[in-house]
Structures are given as C-alpha cells and as structure tokens.
Amino acid sequence: MLEGRCISCGRGLVEEGCTQFPCPECGYIIKRCNICRSQSAKYKCPECGFEGP
1 MLEGRCISCG RGLVEEGCTQ FPCPECGYII KRCNICRSQS AKYKCPECGF EGP
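Quick note: the working numbering has the sequence shown finishing at residue 53, numbered continuously throughout.
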C-alpha cells in the first residue's frame with residue numbers, strides 16, 4: 001500500500017497494483033492506481049506539465 005492519491009482519478013492507493021515513479025521530465029513522484037494504469041488514463045505532472053498515458 002502506498003500513501004497518497006492517484007494523480008489521474010484521486011482514488012486512495014490502497015489496492016494491489018498501484019505504483020509510483022518519477023516524472024520523466026522533472027523527477028516529481030507520480031502516483032497511479034491500478035485502475036488508471038490498466039486503462040492507460042492520462043495524467044499531467046503538477047510540477048512541469050508533462051502529460052503521459
């Protein structure tokens with residue numbers, strides 16, 4: 001279980017399959033829930049504006 005919320009949908013990161021990784025542009029930690037990951041939901045880094053699937 002990770003702390004925080006999914007950057008795409010705002011769900012808590014309590015289920016298996018949630019992840020966190022550094023933004024490829026600025027290093028800000030992006031957190032994603034398993035549902036948004038499986039659906040390839042878009043996200044936008046709040047620090048630099050990088051957008052990813």
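Beta carbons are placed, not taken as given, at the ideal position from N, Cα and C, and that holds for glycine.
From what residue to what residue does the beta strand (DSSP E) around Arg32 run? By 1-based counting over the sequence shown, the position of residue 32 is 32. Ile29 to Arg32 is the span of the beta strand (DSSP E), which, as asked, contains Arg32.
Is the CB-CB distance between Ala75 and Cys18 below 8 Å? Look at the range of the chain in this structure, 1 to 53, and you will see that residue 75 is not part of it.
May I ask you to list the residues that DSSP assigns as paired with Lys42? On the sequence shown, position 42 is the one that residue 42 refers to. Paired residues: none, contrary to the question.
Which same chain residues, not among the five before or five after Lys44, have their C-beta less than 6 Å away from its C-beta? To locate residue 44, count along the sequence shown from 1; it is residue 44. Excluding sequence neighbours, Lys44 sits near Glu51.
Reduced DSSP category for Arg37 - H, G, I as helix; E, B as strand; rest coil: Here residue 37 refers to the residue found at position 37 when the sequence shown is read from its first residue. Correct three-state label for Arg37: helix.
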